[in-house]
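Visitor: I'd like to ask some things about the structure below.
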Amino acid sequence: MPPALAPTRRRTPSRNAALAVLCATAVASQLPLAGAAAAAPLPGVPSGYSAHLFAAAPTGQTGPDDIARLGNHLFAAYQNGVGSDGKPSPSGATKSTVFEYALSGQKIASWSLTGKVDGLGADPAGDRVVATVNEDANSSAFTISPSRPASEQVRHYAFTGLTHGGGTDSIVYAGGLLYATASAPQADADGKTYSQTALYTVKFTGGAAGTQGAAALTPVLKDNATAVDRVTGKPAKLNLSDPDSSEHIPAAVPGVGGEVLLDSQGDKQLVFLGAAKAPTVLNLNTQVDDSAFATRTTGTLYVVDSKANQILAVTGPFKKGQSFVSVPNDSDTLKGVLGSLNLKTGQVSTFAQLKNPKGLLFTDESYQGPTGQPTPGPSSTPTAGGTGGGTGSAGTPSAGASPSGSALAATGAGNTLGIVGIAGALLAAGSAVFYVTRRRSSRPSA
Numbered sequence: 050m051p052p053a054l055a056p057t058r059r060r061t062p063s064r065n066a067a068l069a070v071l072c073a074t075a076v077a078s079q080l081p082l083a084g085a086a087a088a089a090p091l092p093g094v095p096s097g098y099s100a101h102l103f104a105a106a107p108t109g110q111t112g113p114d115d116i117a118r119l120g121n122h123l124f125a126a127y128q129n130g131v132g133s134d135g136k137p138s139p140s141g142a143t144k145s146t147v148f149e150y151a152l153s154g155q156k157i158a159s160w161s162l163t164g165k166v167d168g169l170g171a172d173p174a175g176d177r178v179v180a181t182v183n184e185d186a187n188s189s190a191f192t193i194s195p196s197r198p199a200s201e202q203v204r205h206y207a208f209t210g211l212t213h214g215g216g217t218d219s220i221v222y223a224g225g226l227l228y229a230t231a232s233a234p235q236a237d238a239d240g241k242t243y244s245q246t247a248l249y250t251v252k253f254t255g256g257a258a259g260t261q262g263a264a265a266l267t268p269v270l271k272d273n274a275t276a277v278d279r280v281t282g283k284p285a286k287l288n289l290s291d292p293d294s295s296e297h298i299p300a301a302v303p304g305v306g307g308e309v310l311l312d313s314q315g316d317k318q319l320v321f322l323g324a325a326k327a328p329t330v331l332n333l334n335t336q337v338d339d340s341a342f343a344t345r346t347t348g349t350l351y352v353v354d355s356k357a358n359q360i361l362a363v364t365g366p367f368k369k370g371q372s373f374v375s376v377p378n379d380s381d382t383l384k385g386v387l388g389s390l391n392l393k394t395g396q397v398s399t400f401a402q403l404k405n406p407k408g409l410l411f412t413d414e415s416y417q418g419p420t421g422q423p424t425p426g427p428s429s430t431p432t433a434g435g436t437g438g439g440t441g442s443a444g445t446p447s448a449g450a451s452p453s454g455s456a457l458a459a460t461g462a463g464n465t466l467g468i469v470g471i472a473g474a475l476l477a478a479g480s481a482v483f484y485v486t487r488r489r490s491s492r493p494s495a
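At position 195 of the sequence shown (counting the first as 1) the number is 244 in our numbering, and the numbers step up by one without a gap.
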């Protein structure tokens with residue numbers, strides 16, 4: 050769990066504007082496949098599955114973390130050792146790099162962003178990728194619009210309304226709104242309880258290329274909100290000390306389809322936000338960093354292994370609704386595991402042993418391989434590991450019951466149940482449908 054931090058002094062707008070101009074330069078030229086670091090061995094996967102190397106870290110890049118999809122391209126963030134509050138790495142690095150990839154693994158473009166990119170998500174309505182930097186303190190956001198001219202692609206935004214004492218992490222697009230997790234919250238006076246914001250909505254204004262815009266945050270969920278335990282059915286008061294990743298659950302997943310999942314990593318809890326019912330909480334047997342859900346038997350699960358410095362593509366056959374989680378290598382159990390999650394019990398079991406899995410992303414398309422064609426057959430040694438039972442992010446927009454922006458507008462402590470009930474009525478009346486962060490937009494493939 051990240052340490053609780055007191056509110057830190059933010060940079061002035063004028064200084065941030067200068068940083069945006071000098072440090073967030075887009076590098077949008079075509080990049081060759083050559084020049085990547087030596088790839089680590091591929092992990093073993095259960096019989097019938099295959100693991101392929103999608104991309105090794107480009108030369109000079111380290112610590113891949115989050116992954117997102119916009120159109121038919123994937124985007125991955127390399128943190129390069131930058132500190133969680135934006136401090137330089139031991140080698141002096143102050144910038145993360147976001148790379149754009151074709152589904153074949155070919156590098157398309159890259160952008161250098163000042164700070165540690167810990168949250169990366171797609172905003173299909175704006176045809177852009179959103180990156181949050183510095184999850185513990187000194188947090189801000191960048192947007193990347195690959196379809197714009199190179200000089201207009203990167204924009205920088207300072208947060209307003211960030212009140213929880215930490216930074217920001219995961220980004221989710223839902224019903225025309227963007228949501229950001231409130232990471233590293235400040236503890237209450239007793240040092241043990243937490244009552245700050247766990248989830249915000251984000252609204253960007255201004256931010257023309259070369260100038261700084263504003264990203265207004267509005268609280269959605271409190272760290273001490275009331276939720277229903279998914280196993281016991283009893284109400285439970287949350288005490289979220291480590292909000293981290295978030296995800297939209299595809300409609301096909303039984304029981305939780307269309308809901309938003311918020312992971313409080315250090316607390317070993319997943320919180321589910323739905324429109325027609327109260328938030329629910331699932332207690333896990335280990336910490337998890339990210340999650341993904343299979344929506345097609347012949348789809349592809351992309352797995353970022355940060356310590357191995359590579360991105361993997363795992364192919365099935367999957368089961369519809371199959372649920373996956375990444376377990377960081379500093380967890381107290383199942384260290385470094387790509388896990389299968391049972392959504393009924395909260396039990397995580399080993400699917401594959403990795404070094405330090407981070408971002409996960411499931412797409413409906415079969416893995417293309419470097420030739421751009423579907424790749425059959427195993428590319429790594431099968432093991433007798435877990436089979437990935439459970440239920441479970443998807444490559445295409447999912448329809449069905451989903452919470453709208455109004456549904457998640459004010460899920461705070463004390464009146465959580467009533468607010469979500471009102472949200473259900475709004476949804477029934479025709480509220481906007483939820484879409485996942487990592488969904489397609491109309492941007493064509495390269």
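A virtual CB, placed ideally from N, CA and C, is assigned to each residue, including glycine.
Note that the structure is a prediction, hence the values are computed from the model and not measured.
Quick one: give me the first and last residue of the beta strand (DSSP E) that V353 is part of.
Guide: 349 to 354 is the extent of the beta strand (DSSP E) around V353.
Visitor: Please classify A117: does DSSP put it in a helix, a strand, or coil?
Guide: If DSSP states are grouped into helix, strand and coil, A117 belongs with the strands.
Visitor: How long is the line joining the alpha carbons of A158 and A285, rounded to whole angstroms?
Guide: Their backbone Cα atoms lie some 46 Å apart in a straight line.
Visitor: Beta strand (DSSP E) containing Y249: first to last residue?
Guide: Element bounds for Y249: 246 to 254.
Visitor: Does P173 come out as helix, strand or coil in the three-state DSSP assignment?
Guide: Of the three classes helix, strand and coil, the one that applies to P173 here is helix, per DSSP.
Visitor: Is the stretch 351 to 365 in contact with the stretch 108 to 123, if contact means three or more CB pairs nearer than 8 Å?
Guide: Segments in contact, yes.
Visitor: Closest to A231 by C-alpha separation, out of D237, G224, I220, K241, would be which residue?
Guide: When each option's Cα is compared against that of A231, the closest is I220.
Visitor: How many angstroms separate the CA atom of L287 from the CA atom of Y249?
Guide: Near 17 Å, if we compare the C-alpha coordinates of Y249 and L287.
Visitor: Between which two residues does the beta strand (DSSP E) containing N332 stretch?
Guide: Looking at the DSSP string, the run of the beta strand (DSSP E) that includes N332 is 329 to 332.
Visitor: What separation, rounded to the nearest whole angstrom, lies between the Cα atoms of S140 and G132?
Guide: Distance between the alpha carbons of S140 and G132 is about 11 Å.
Visitor: Between the stretch 336 to 354 and the stretch 375 to 382, are three or more C-beta pairs nearer than 8 Å?
Guide: The answer is yes - the stretch 375 to 382 touches the stretch 336 to 354, with three or more Cβ pairs under 8 Å.
Visitor: Which stretch, first to last residue, makes up the beta strand (DSSP E) that contains G262?
Guide: From DSSP, the beta strand (DSSP E) with G262 extends over 261 to 271.
Visitor: The beta strand (DSSP E) that contains S145, what's its start and end?
Guide: It spans 144 to 151 - the beta strand (DSSP E) in which S145 sits, taken as one unbroken run.
Visitor: Thinking C-alpha only, which one of A233, P328, T192, R197 is nearest T212?
Guide: Checking every option, the nearest Cα to that of T212 belongs to A233.
Visitor: Under 8 Å, with one C-beta from each stretch per pair, do the stretch 189 to 208 and the stretch 235 to 247 reach the 3-pair mark?
Guide: Verdict: no, contact absent.
Visitor: Output the boundary residues of the beta strand (DSSP E) element that contains S133.
Guide: No beta strand (DSSP E) contains S133, which DSSP labels as neither H nor E.
Visitor: If the criterion is Cβ atoms closer than 8 Å, does the pair A207 and T217 meet it?
Guide: No, the pair does not count as a contact, with Cβ atoms beyond the cut-off.
Visitor: Closest to D185 by C-alpha separation, out of G224, P292, G306, A151, would be which residue?
Guide: Looking at the Cα atoms, P292 is the closest of the given residues.
Visitor: With DSSP collapsed to three states, give me the class of A199.
Guide: In the structure shown, A199 sits in a helix (DSSP, three-state: H, G or I).
Visitor: Helix, strand or coil, according to DSSP, for Q314 in the structure here?
Guide: Residue state, collapsed to three classes: helix.
Visitor: Given a cut-off of 8 Å, decide if F367 and V302 are closer than it, judged by their beta-carbon atoms.
Guide: Contact: no.
Visitor: Verify whether the separation of the beta carbon atoms of G395 and N332 is less than 8 Å.
Guide: It is a contact, given that the beta carbons lie within the stated cut-off.
Visitor: For L123, list the residues DSSP reports as bridge partners.
Guide: In the DSSP output, where bridge partners are listed per residue, L123 has R118, Y150.
Visitor: For V179, which residues in the same chain have their Cβ closer than 7 Å to its Cβ, ignoring the five residues on either side in sequence?
Guide: Within the same chain, V179 has close Cβ partners G170, D172, A190, T192, I220, L227.
Visitor: Does DSSP classify D339 as helix, strand or coil?
Guide: In this structure, D339 counts as strand in the three-state DSSP scheme.
Visitor: Is D312 near the ligand COA, with its Cβ less than 7 Å from a heavy atom?
Guide: No copy of the ligand COA appears in this structure; indeed no ligand is present at all.
Visitor: Using 10 angstroms around the beta-carbon of V320, count the other beta-carbons present and answer buried if the total reaches 16, otherwise exposed.
Guide: V320 should be labelled buried.
Visitor: So for E414, helix, strand or coil by DSSP?
Guide: If DSSP states are grouped into helix, strand and coil, E414 belongs with coil.
Visitor: Less than 8 Å between C-beta atoms, sequence neighbours within five positions excluded: which residues of the same chain meet that for N273?
Guide: Within the same chain, N273 has close Cβ partners T242, Y243, S244, K286, L287, N288, L289, A462.
Visitor: Looking at the structure shown, is R279 part of a helix, part of a strand, or coil, going by DSSP?
Guide: R279: coil per DSSP, three-state reduction.
Visitor: Excluding five sequence neighbours on each side, which residues of the same chain lie with their C-beta closer than 6 Å to the C-beta of K252?
Guide: So the list reads A265, once near-sequence residues are dropped.
Visitor: With a threshold of 6 Å on Cβ separation, who are the neighbours of L390 within its own chain once the five nearest residues in sequence on each side are excluded?
Guide: Counting only Cβ-Cβ distances below 6 Å, and skipping sequence neighbours, we find S372, V374, V397, G439.
Visitor: Is the beta carbon of A247 closer than 8 Å to that of L311?
Guide: Taking 8 Å as the Cβ cut-off, L311 and A247 qualify as a contacting pair.
Visitor: According to the neighbour-count rule (16 or more other Cβ atoms, all chains shown, within 10 Å of its Cβ), is G256 buried or exposed?
Guide: Buried, because 16 or more other Cβ atoms sit within 10 Å of the Cβ of G256.
Visitor: Judging by CA-CA distance, which residue of N121, F148, S194 is the nearest neighbour of T108?
Guide: Checked all of N121, F148, S194; the closest Cα to T108 is F148.
Visitor: Which one of V352, V386, T420, G388 has the shortest CA to CA distance from T412?
Guide: Per the Cα distances, V352.
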